[in-house]
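Residue numbers (my numbering), protein chains in the order written: chain G, 9 to 102; chain F, 9 to 102; chain L, 9 to 102; chain E, 9 to 102; chain Z, 9 to 102; chain A, 9 to 102; chain C, 9 to 102.
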Amino acid sequence: MNIKPLGERVVIKKLEAKEKTESGILLPSQAKEKPQIAEVLAVGPGLLEDGKVVKMEVKIGDKVIFPNYSGTEVKIDGVELIIIEQSKLLAIVD
Amino acid sequence: MNIKPLGERVVIKKLEAKEKTESGILLPSQAKEKPQIAEVLAVGPGLLEDGKVVKMEVKIGDKVIFPNYSGTEVKIDGVELIIIEQSKLLAIVD
Amino acid sequence: MNIKPLGERVVIKKLEAKEKTESGILLPSQAKEKPQIAEVLAVGPGLLEDGKVVKMEVKIGDKVIFPNYSGTEVKIDGVELIIIEQSKLLAIVD
Amino acid sequence: MNIKPLGERVVIKKLEAKEKTESGILLPSQAKEKPQIAEVLAVGPGLLEDGKVVKMEVKIGDKVIFPNYSGTEVKIDGVELIIIEQSKLLAIVD
Amino acid sequence: MNIKPLGERVVIKKLEAKEKTESGILLPSQAKEKPQIAEVLAVGPGLLEDGKVVKMEVKIGDKVIFPNYSGTEVKIDGVELIIIEQSKLLAIVD
Amino acid sequence: MNIKPLGERVVIKKLEAKEKTESGILLPSQAKEKPQIAEVLAVGPGLLEDGKVVKMEVKIGDKVIFPNYSGTEVKIDGVELIIIEQSKLLAIVD
Amino acid sequence: MNIKPLGERVVIKKLEAKEKTESGILLPSQAKEKPQIAEVLAVGPGLLEDGKVVKMEVKIGDKVIFPNYSGTEVKIDGVELIIIEQSKLLAIVD
């Protein structure tokens with residue numbers, strides 16, 4: 009099953025704590041709004057609400073930092089995903 | 009009876025839990041704002057409130073994920089439908 | 009007496025429950041914000057607050073769905089009417 | 009004494025209940041926000057806050073419907089007037 | 009001492025009740041937000057926050073109606089003045 | 009040490025009460041939001057958040073009136089300064 | 009590991025109190041919202057949410073003042089960093 013995000017949304021999948029440690033990234037657990045790391049699985053066309061088009065800066069496979077509790081969680085084919093606007097993503101890490 | 013959505017609105021019909029399972033999509037029930045899956049039945053012309061026109065990304069027959077409790081519910085010819093802005097739709101699935 | 013709506017407003021008149029049934033439309037009574045069906049009696053020039061002009065998508069005689077409690081109720085020549093912005097209308101039905 | 013409204017404002021004067029009845033207009037008294045009818049006495053140049061200019065749709069002598077409690081009341085030469093933005097006027101009646 | 013208002017601001021000085029009576033203007037005392045009359049002492053260049061420039065409609069010496077409690081009060085050389093955006097002024101009277 | 013304000017911000021330094029009196033300016037102490045007088049020490053390039061550039065109306069050495077409690081206080085080399093957007097400054101005095 | 013901020017975001021690292029003292033900067037501790045000083049480690053491309061591009065005024069190595077509690081804290085390779093929009097930075101110091 010395919011999932012194609014609309015607008016400037018992307019589909020991301022949270023990375024596990026273990027993966028994070030391996031890649032050297034540790035996100036603070038005491039922060040009120042903990043940012044998380046995820047992998048980009050699908051990228052929307054960049055159409056904005058007002059009819060303009062924004063350039064998509066992230067691509068499939070990118071690892072991104074995003075604020076926790078943002079975006080919308082969905083479970084597709086048993087996998088937990090998040091649909092989120094690109095403008096809410098904070099940074100790409102590699 | 010026909011229903012023609014105005015502006016950038018679309019008319020959608022929620023898919024039943026059974027249909028969702030068959031298509032492999034399961035949406036989390038514990039989420040506060042549960043996204044749902046629906047089929048697009050009609051698509052507006054894309055006219056925005058400020059006079060601009062936005063490209064309609066979805067078409068009749070598309071299956072879309074949308075945030076629950078968004079849009080407006082109407083019952084036409086005994087069928088429960090939802091009228092919702094395209095910009096609130098999260099993704100197309102197939 | 010004539011009534012000419014200003015801006016992108018239209019003048020509409022709610023259809024009775026009976027008319028709705030005949031036309032096959034039944035709107036849910038349990039919804040918190042019940043949408044209603046009405047007939048368009050007059051259409052404004054489409055002038056927006058910021059000086060732009062929006063295309064009027066509805067015309068006199070159209071039957072439209074609109075969110076309840078929106079618009080402003082007036083009684084003219086004994087008839088209860090609603091003045092409402094076109095952008096608040098959800099769909100045309102026929 | 010002259011009063012020249014600024015921006016896209018107009019100066020209006022409420023019509024008495026009697027005048028309303030003669031002209032066949034009766035506005036509902038049970039509504040929470042009762043619209044009123046008034047005559048336009050002066051019309052501003054249409055300059056908007058952001059420097060654009062909007063076309064003034066109403067002219068001196070027009071009878072207009074406007075939402076009650078909107079605009080600002082002033083008393084000039086013993087006459088109670090209301091200064092109100094054109095964009096808040098709902099319709100012209102004749 | 010000179011005072012040059014910035015942006016689209018103007019400097020105004022409230023007129024006394026006596027002056028108001030002579031000029032025939034009486035503003036309602038029972039209104040929740042009483043509009044006042046003042047004289048324009050200085051006019052800004054019209055630069056808006058977003059870099060555009062708005063035409064200044066009022067000039068030094070104009071008598072203007074403005075909503076009470078708007079603008080900022082300052083006392084310069086013993087005189088109480090108000091610095092206020094032109095867009096908040098309601099009308100010019102003469 | 010140098011401080012270069014970003015965007016359309018300026019760096020200002022409050023003038024003492026004594027300086028105010030000498031220059032004839034007295035700001036009301038009973039006002040809820042007391043405006044203050046300050047000297048401009050540094051002026052930003054005028055870049056706005058949306059990428060546009062605004063003309064900077066104030067220059068180093070200008071004495072400006074600004075609303076109290078606006079801007080951000082910093083202490084640099086023992087001197088208390090305020091970083092504030094130009095659009096919040098009310099007027100230049102001389 | 010690399011971190012590339014998205015949009016008009018930058019990655020900054022707070023300077024220690026000691027470093028601040030050496031550079032002569034002391035930020036007030038009694039302020040409700042204490043501004044802080046930090047060094048810029050990475051600069052985004054300047055893409056805005058609406059598709060426009062803003063010029064990045066800060067560069068790697070710049071020392072900047074920013075309001076405390078703004079931006080998002082992340083810990084990468086054991087280092088505590090902050091991802092923040094350039095438009096929230098107040099000034100560059102040197």
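A virtual CB, placed ideally from N, CA and C, is assigned to each residue, including glycine.
{"query": "Any Cβ of chain L within less than 8 Å of the Cβ of F/Val-19?", "result": "yes"}
{"query": "Near E/Ile-68, which residues of its chain fall below 7 Å by C-beta distance, leaving aside the five closest residues on each side in sequence?", "result": "Val-48, Leu-49, Ala-50, Val-51"}
{"query": "With distances taken between CB atoms, is the gap from L/Leu-14 to E/Glu-65 smaller than 8 Å?", "result": "yes"}
{"query": "Identify whether A/Lys-96 lies in helix, strand or coil by the three-state DSSP scheme.", "result": "helix"}
{"query": "Using the three-state DSSP reduction, which class does A/Ile-68 fall into: helix, strand or coil?", "result": "coil"}
{"query": "Just grab the DSSP bridge partners of F/Lys-12 for me.", "result": "L/Ile-100"}
{"query": "What did DSSP end up calling C/Ser-37 once you bin it into helix, strand or coil?", "result": "Per-residue confidence for C/Ser-37 stands at a pLDDT of 46, beneath the threshold of 50, marking its modelled position as unreliable; the derived number appears in the next sentence. Coil at C/Ser-37, not helix or strand."}
{"query": "Identify each residue in the region 54-65 of chain A for which the Cβ-Cβ distance to at least one residue of chain C is less than 7 Å, and report them in chain order.", "result": "Leu-55, Glu-57, Asp-58, Gly-59"}
{"query": "Hey, how far is the Cα of C/Lys-21 from the Cα of C/Leu-98?", "result": "15 Å"}
{"query": "By alpha-carbon positions, which one of A/Ile-100, A/Ile-11, A/Gln-94 ends up nearest to A/Lys-63?", "result": "A/Gln-94"}
{"query": "Where does the unbroken beta strand (DSSP E) through G/Pro-53 begin, and where does it stop?", "result": "From DSSP, G/Pro-53 is part of no beta strand (DSSP E); its letter is neither H nor E."}
{"query": "Rounded to whole angstroms, what is the Cα-Cα separation between C/Ile-11 and E/Gly-54?", "result": "51 Å"}
{"query": "Quick one: is E/Asp-3 buried, meaning 16 or more other Cβ sit within 10 Å of its Cβ, or exposed?", "result": "There is no way to answer for residue 3 of chain E, as the model of chain E reaches only from 9 to 102."}
{"query": "Determine which residues of the region 78-99 of chain Z have a Cβ less than 9 Å from any Cβ of chain E, and write them out in chain order.", "result": "Glu-93, Gln-94, Ser-95, Leu-97, Leu-98, Ala-99"}
{"query": "Classify L/Gln-38: buried if its beta carbon has 16 or more other beta carbons within 10 angstroms, exposed otherwise.", "result": "Unreliable positioning characterises L/Gln-38 in this predicted model, as indicated by a pLDDT of 45, which lies under 50. A coordinate reading is not provided."}
{"query": "For Z/Asp-85, count neighbouring Cβ atoms within 10 angstroms of its own Cβ and tell me buried if that reaches 16, exposed if not.", "result": "exposed"}
{"query": "Determine, using beta carbons only, whether E/Val-48 comes closer than 8 Å to chain L.", "result": "no"}
{"query": "Compute the distance between the beta-carbons of L/Arg-17 and L/Ile-92, then report whether it is under 8 Å.", "result": "yes"}
{"query": "With a cut-off of 8 Å, does the C-beta of L/Asn-76 fall near any C-beta of chain E?", "result": "no"}
{"query": "My understanding is that A/Met-9 touches C/Val-101, with C-beta atoms under 8 Å, so please give their C-beta distance in whole angstroms.", "result": "6 Å"}
{"query": "Leaving out five residues on either side along the sequence, give the residues of the same chain with a beta carbon under 7 Å from the beta carbon of Z/Asn-76.", "result": "Glu-41, Lys-42, Pro-43, Gln-44"}
{"query": "Specify the secondary structure class of C/Lys-42 as computed by DSSP and reduced to three states.", "result": "coil"}
{"query": "Could one say the Cβ of G/Pro-43 lies closer than 8 Å to chain C's Cβ atoms, at least one of them?", "result": "yes"}
{"query": "Return the first residue and the last residue of the beta strand (DSSP E) that F/Glu-82 is part of.", "result": "Reading the sequence as shown, one finds Val at residue 82 of chain F and not Glu. Here the beta strand (DSSP E) through F/Val-82 covers 80-84."}
{"query": "Does the distance from the C-beta atom of Z/Gly-79 to that of Z/Lys-60 stay below 8 Å?", "result": "no"}
{"query": "Using a 10 Å radius around the Cβ and a threshold of 16 neighbouring Cβ atoms, would you call L/Glu-175 buried or exposed?", "result": "In the structure as shown, chain L starts at 9 and stops at 102, and residue 175 of chain L therefore has no counterpart that could be examined."}
{"query": "First and last residue of the beta strand (DSSP E) that includes G/Val-61?", "result": "No beta strand (DSSP E) contains G/Val-61, which DSSP labels as neither H nor E."}
{"query": "Does any CB atom of chain E fall closer than 8 Å to the CB of L/Lys-71?", "result": "no"}
{"query": "Give every residue of the same chain whose Cβ lies closer than 8 Å to the Cβ of E/Leu-56, excluding the five residues on either side of it in the sequence, and list them in chain order.", "result": "Gly-15, Glu-16, Val-62"}
{"query": "Considering only DSSP beta bridges, list what C/Leu-88 is partnered with.", "result": "Looking at the sequence provided, one finds Glu at residue 88 of chain C rather than Leu. DSSP lists C/Lys-83 as partners of C/Glu-88."}
{"query": "Cα separation between C/Leu-23 and C/Ala-46?", "result": "5 Å"}
{"query": "Can you list, in chain order, the residues of its chain whose CB lies under 6 Å from that of G/Asp-70, leaving out five sequence neighbours each side?", "result": "Val-48, Ile-100"}
{"query": "Tell me, please, whether the CB atom of E/Leu-14 is closer than 8 Å to any CB atom in chain Z?", "result": "yes"}
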